[in-house]
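Notes follow once the structure below has been shown.
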Amino acid sequence: MILKVPGAIGYALILAAMLLRSYHVIDSVVILGIIALAGLIGIGIAENKSGVRHWVVRYTDYAPLAILGFIYGVQINNDLPSALTAICIIPAGIASAFVAAKLARTKKYRTHRRLEDTLPDPPKEDYKYK
């Protein structure tokens, strides 16, 4: 999702909310929640624009955000490790987006069939009648 504009904005908003919380710039949970929710809405818009995707491709794309977000939530009272976890979301998100795009191009995880896949096989020559 980070390779699309709304997804990148969503990741940036989520990262901003995490860093603002880590460095105690904003201590209001409501404001941070609104910023993070706006980021999730941006990611949702990007997911909606991408159409139907295989579940493996979708989960590969969201894995770093979910895993590092959980790690951030566990160590939220430690300032430096939580900030490093938040900063790692962007490179991990870019790497997983490339892996998800590569997976989506393979035949096994492709949801929309290509034209070559829908064409019937050419008739085989039958040597019995010659």
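Numbering-wise, this note's numbering comes out as the position in the sequence shown, counting from 1, plus 34. Using N, Cα and C, we set each Cβ at its ideal position, and we do this for glycine too. Quick caveat, the model's predicted, so the values are computed rather than measured.
Does the ligand GDP have a heavy atom nearer than 7 Å to the CB of residue i?
i	result
residue 117	Because no ligand of any kind appears in the structure shown, any question about the ligand GDP cannot be addressed here.
Exposed or buried, what is residue i when buried is set at 16 or more other beta-carbons lying within 10 Å of its beta-carbon?
i	result
residue 71	exposed
residue 127	buried
residue 80	buried
Which value, in whole angstroms, describes the spacing of the CA atoms of residue i and residue j?
i	j	result
residue 103	residue 141	31 Å
For residue i versus residue j, is the C-beta spacing smaller than 8 Å?
i	j	result
residue 98	residue 130	yes
residue 41	residue 77	yes
residue 86	residue 137	no
residue 106	residue 94	no
On the DSSP letters alone, give me the boundaries of the alpha helix (DSSP H) that residue i sits inside.
i	result
residue 93	89-108
residue 44	39-56
residue 115	113-121
Please state whether DSSP places residue i in a helix, a strand or coil.
i	result
residue 140	coil
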